[in-house]
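Student:
Residue numbers (the numbering used here): 37 to 186.
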């Protein structure tokens with residue numbers, strides 16, 4: 037086979053530092069558009085992005101020559117700097133260290149699109165911390181709760 041064929045889909049989740057509610061309604065749309073632009077610039081395709089004041093969910097297709105850790109490093113650094121430039125009152129804005137990144141099958145996309153679109157509704161009954169633990173458990177990720185938020 038002379039070519040390589042990939043379909044690398046990830047559900048990525050990360051929060052603001054200390055899960056502070058800094059993604060305000062005024063900032064949200066522009067921030068998400070900027071993050072989508074970063075992903076396009078890295079050769080990826082942003083399928084969905086949404087969240088609430090303290091975290092973001094991204095459903096993305098990435099190129100095989102891009103390591104997820106490099107993508108997240110660039111995405112978080114560039115979007116944080118952009119926030120400071122565009123919203124001078126966002127001096128306290130930064131992203132939490134770390135992230136969750138879960139591989140996704142093509143057959144899961146429609147369910148995840150709905151899940152990501154309904155974040156505001158979803159979080160009326162569940163905190164980000166509870167949601168993230170559930171995502172780790174559902175995806176078979178081992179973790180120690182005492183180190184989860186430090």
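Note that CB positions come from ideal geometry on N, CA and C, so glycine has one too.
Considering only the alpha carbon of each residue, which of 140, 142, 154 and 72 lies closest to residue 118?
Tutor: The count along the chain shown starts at 1 and reaches residue 118 at position 82. Ranking the options by Cα distance to residue 118, first place goes to 72.
Student: Is the number of C-beta pairs between the stretch 89–97 and the stretch 137–155 that are closer than 8 Å three or more?
Tutor: Contact between the stretch 89–97 and the stretch 137–155 is present, because at least three Cβ pairs lie under 8 Å.
Student: Find the nearest neighbour of residue 108 within the set 64, 57, 123 and 133, judged by alpha-carbon distance.
Tutor: Here residue 108 is taken as the residue at index 72 of the chain shown, counted from 1. Residue 133 is the option with its Cα nearest to residue 108.
Student: How many angstroms separate the CA atom of residue 151 from the CA atom of residue 44?
Tutor: Residue numbering aside, residue 151 sits at position 115 when the chain shown is read from its first letter. Residue numbering aside, residue 44 sits at position 8 when the chain shown is read from its first letter. Each residue's alpha carbon lies about 19 Å from the other.
Student: From this set, 148, 139 and 113, which residue's C-alpha is nearest residue 52's C-alpha?
Tutor: Taking the chain shown and counting its residues from 1, the one referred to as residue 52 is at position 16. Residue 52 has its Cα closest to that of 113, out of 148, 139 and 113.
Student: Report the three-state DSSP secondary structure of residue 192 (helix, strand or coil).
Tutor: There is no way to answer for residue 192, as the model of the chain reaches only from 37 to 186.
Student: Would you kindly check if the distance between the Cβ of residue 136 and the Cβ of residue 172 is under 8 Å?
Tutor: Locating residue 172 in the chain shown gives position 136, counting from the first residue. Locating residue 136 in the chain shown gives position 100, counting from the first residue. Cβ distance < 8 Å, so residue 172 and residue 136 count as in contact.
Student: Going by the DSSP bridge assignment, what does residue 97 pair with across the sheet?
Tutor: As a position in the chain shown, residue 97 is number 61, starting the count at 1. According to DSSP, which records beta bridges pairwise, residue 97 is partnered with 45 and 81.
Student: Have a look at 78, 120 and 101 and flag the residue whose alpha-carbon is nearest the alpha-carbon of residue 41.
Tutor: Position 5 of the chain shown, counting from 1, holds the residue named residue 41. For the residues 78, 120 and 101, the minimum Cα distance to residue 41 belongs to 101.
Student: Evaluate residue 179 with the Cβ neighbour count: other Cβ atoms within 10 Å of its Cβ, from every protein chain shown; 16 or more gives buried, anything less gives exposed.
Tutor: Position 143 of the chain shown holds residue 179. When all chains shown are included, residue 179 counts as exposed.
Student: Exposed or buried, residue 103, counting other C-beta atoms within 10 Å across all chains shown (16 or more means buried)?
Tutor: As a first step, residue 103 is located in the chain shown; it is residue number 67 there, counting from the start. So residue 103 ends up on the exposed side.
Student: Would you mind reading off the limits of the alpha helix (DSSP H) that contains residue 179?
Tutor: Within the chain shown, residue 179 is the residue found at index 143, counting from 1. Neither: residue 179 is in no alpha helix (DSSP H) and is coded neither H nor E.
Student: Applying the 10 Å Cβ sphere with the 16-neighbour rule, what's the burial state of residue 183?
Tutor: Here the question's residue 183 lines up with position 147 in the chain shown. Exposed is the call here.
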